[in-house]
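The listed protein sequences correspond, in order, to chains P and A. The working numbering numbers the first residue of the first sequence as 2 and each following residue consecutively. The working numbering numbers the first residue of the second sequence as 8 and each following residue consecutively. Below is one structure; the comments refer to it alone.
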Amino acid sequence: MKLEIDIAVERSAFALRVAARIDQRACGIFGPSGAGKSTLLGVLAGLVRPTRGRVVLDGVVLDDVALGIHCPVHRRQLGVVFQQGHLLPHLTVSANLQFGYRLLHADARRIGLDEVVQLLEIGELLERSPRTLSGGQRQRVALGRALLCSPRLLLLDEPLAALDHALQQQIIPYLCRVRRQIDIPILHVSHDLGELLQVCDDLLLLDRGAVVGHGTLVEVANQAATIPLLRMGGMVNILRGEVLRHDPSARITEVALLSGAIIVCALRQEGPGTRIDLLVRPDDIALSVGRVSGISLQNQLPGRIAALADAGDRILVTIDMGLPMLAEISSRSADQLGIAVGAPIHVLFKAVAVSGRS
Amino acid sequence: MLEAAEREILLLSLQVAGCALCLMLVPGIAAGWLLARRRFPGKAVVDAIVHLPLVLPPVVTGWLLLVLLGHRSALGAWLHDVLGWDIAFNWKGAVAAAAVMGFPLLVRAVRLAIEVIDQDVERAAATCGAAPWRVFATVTLPLAAPGILAGAVLGFARCLGEFGATITIAGNIPGQSRTLPVAIWQYAQMPDGDAMVWRLVCLSIGVSVIALAISEWMSRRIRARLGQG
């Protein structure tokens, strides 16, 4: 996918100005509420007309104000999942799923109903009315409906914001599955950084109507200006790995990361060999210059300091351990440790500070 | 059970009201949608014109229709010359009067029914690739159906009861414009018309109750289909 955006939306009380090129498989658009995330998605979907500028997706001009081009919503071939789902209340789940699918030429259909039903596990719901669905079921059906439109780009507009935290954690694996198994690029808008980091490769940071950062978490985290924003959104390290073995007596599970390092976390349900994502918050991490003995912390991993970013009273440290990891420590600790870019360091955290999901 | 005169009055009333409803249904839905969903210059004027028959004395509306559609007007002459239709002082005049008087009630009901539909649902349908006309036909119209039905029943009832405008444009001609209310008024003027008035009043009440019952039954079926149980 290649998406070129260079647009401005000007209203009396609000202005959005975005220029970006997005070519990642899955890009997360992050920012606090009021940053203009949903307006940007509205422009891409064709629901909001930009005041100036152009939008080009894979060489197709969707909007060009100067040339007077505006491709109407129904001709954009995008899939959109809204915060409230917006299922058609007078149709069954099955008819909702097939609403866009039926409008496509047979040879334009790239995904079948059975595939989507299986992927999202919504087979039980097909004959039900949307009014009888729970929030999580509703969002899965809305995701399925968008996928069945065989979109060139999938737009997710705060798809989990209307759900409680436990439900969000249940839906995220479905988003990850879609990302892994279906060849459709994703733009995912959220004010929850943890959610985005689990689904997306890249982040586009918006604040008060302007782009303030674009890149991987580690890349955007090394700009001092973006750290408060990231911290507010719930910054988290995502470590991809595979379950190695369980020790039920010690109530721990060992996970091998892609870099080869082994991490200990609280006992998991997943069997050995299962792929798993581990989540560690940067402020749950301690740093030490050498290995420490006689300490309760289960995880001690060697690495090298790749970057330092000053966020006032706190320092955000990027550590290269074969994969990048962010740690947040106080300026005082940083002074005492005398850390500098390039220096070797050990990353320490408790087994219970690691959460995860398969 | 019904005498020939009564049967003629009843059938004429149903014919006039039925034709009037058919005549106003499509423009009524279009106007209701336009007022609910579109912003355009002169919207307030359109709104006022649609609602005018509701506030004008019916006799005034009837007289204005007579001026507009009578032989001496350009429109009346055109209808006479091209289609061979004479509107004034026959049953077509009664249909025109009933349609104009019932129209605002239908439009109001349609407008309300469309205004309460979540526009985000219509937008979601558009993102799935549905063109505006398809969104209207497959989302807006079905969701507004109970309200449209209610408006149609209200409009039909108003047509059945139309008196002032009807008698002004179409007069009181048996078999042409002597509908139920006109006939009741006429018999009420006669010294020995009481029995007939009573029979026609009962007929009138009967028709209204049946119309109400049919609409209730249809409304339940539509709601059941929409999953609103």
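Yeah, the Cβ is synthetic: ideal placement off N, Cα and C, and Gly gets one too.
query                                                                                                                                                                            : result
Quick check on this structure: which residue in P:Ile8, P:Gly47 and P:Val82 has the alpha carbon closest to the alpha carbon of arginine 53 of chain P?                          : P:Ile8
Just how far apart, CA to CA, sit alanine 328 of chain P and alanine 287 of chain P?                                                                                             : 7 Å
According to DSSP, is glutamine 193 of chain A part of a helix, a strand, or is it coil?                                                                                         : helix
Check each residue of the stretch 141 to 174 of chain A: if its Cβ is closer than 7 Å to any Cβ of chain P, include it; give the result in chain order.                          : Val146, Pro149 and Leu150
For the stretch 320 to 335 of chain P and the stretch 20 to 34 of chain A, state whether three or more C-beta atom pairs, one from each stretch, are separated by less than 8 Å. : no
If you draw a straight line from the C-alpha of cysteine 166 of chain A to the C-alpha of alanine 172 of chain A, how long is it?                                                : 11 Å
With leucine 42 of chain P as the anchor, note down where its beta strand (DSSP E) starts and where it stops.                                                                    : Leucine 42 of chain P -> not in any beta strand (DSSP E); alpha helix (DSSP H) instead, spanning 38 to 46.
Within the continuous alpha helix (DSSP H) that includes alanine 112 of chain A, where are the two ends?                                                                         : The displayed chain sequence assigns leucine, not alanine, to residue 112 of chain A. Note, leucine 112 of chain A: alpha helix (DSSP H), 98 to 122.
Where does the unbroken beta strand (DSSP E) through phenylalanine 163 of chain A begin, and where does it stop?                                                                 : It is not in any beta strand (DSSP E) - phenylalanine 163 of chain A instead sits in the alpha helix (DSSP H) that spans 148 to 167.
What ranges does the beta strand (DSSP E) occupy inside the stretch 177 to 252 of chain P, keeping only unbroken runs of at least 3 residues that lie completely in it?          : 187 to 191, 203 to 208, 211 to 216 and 238 to 248
Can you find the residues in the same chain that come closer than 7 Å, C-beta to C-beta, to alanine 24 of chain A, ignoring five residues on each side of it along the sequence? : Ala105, Phe163, Cys166 and Leu167
What residues from chain A crowd round valine 74 of chain P, counting only those whose CB sits closer than 8 Å?                                                                  : Arg130, Ala133 and Thr134
Throw me the rounded Cβ distance for the arginine 129 of chain P and leucine 88 of chain P pair, which I believe falls under 8 Å.                                                : That belief does not hold up - the Cβ atoms of arginine 129 of chain P and leucine 88 of chain P are roughly 11 Å apart, past 8 Å.
Could you please give the first and the last residue of the uninterrupted beta strand (DSSP E) stretch that includes glutamate 11 of chain P?                                    : 4 to 12
Between the stretch 14 to 22 of chain A and the stretch 184 to 191 of chain A, are three or more C-beta pairs nearer than 8 Å?                                                   : yes
Figure out for me which residue from A:Cys26, A:Ile94 and A:Leu9 has the closest Cα to the Cα of glycine 69 of chain A.                                                          : A:Ile94
So, does the CB of valine 117 of chain P fall closer than 8 Å to a CB anywhere in chain A?                                                                                       : no
Strictly below 9 Å CB to CB, what residues from chain P border alanine 104 of chain A?                                                                                           : Those do not exist, as alanine 104 of chain A stays about 36 Å from chain P at its closest Cβ, beyond 9 Å.
With a threshold of 8 Å between beta-carbons, can alanine 46 of chain P be considered close to chain A, or not?                                                                  : yes
Between the stretch 310 to 340 of chain P and chain A, which residues of the former have CB atoms less than 8 Å from a CB of the latter, in chain order?                         : none
Work out the CA separation of leucine 82 of chain A and leucine 75 of chain A for me, nearest whole Å.                                                                           : 7 Å
Under a Cβ-count criterion, where at least 16 other Cβ atoms within 10 Å of its own Cβ denotes burial, should isoleucine 212 of chain A be classed as buried or exposed?         : exposed
Assign arginine 232 of chain A to buried or exposed, taking buried as 16 or more other Cβ atoms, counted over all protein chains shown, within 10 Å of its Cβ.                   : exposed
Give the residues of chain A in contact with phenylalanine 83 of chain P, contact being defined as C-beta atoms less than 9 Å apart.                                             : Asp127, Arg130, Ala131 and Thr134
So what does aspartate 65 of chain P bridge to, in DSSP terms?                                                                                                                   : P:Arg55 and P:Ile70
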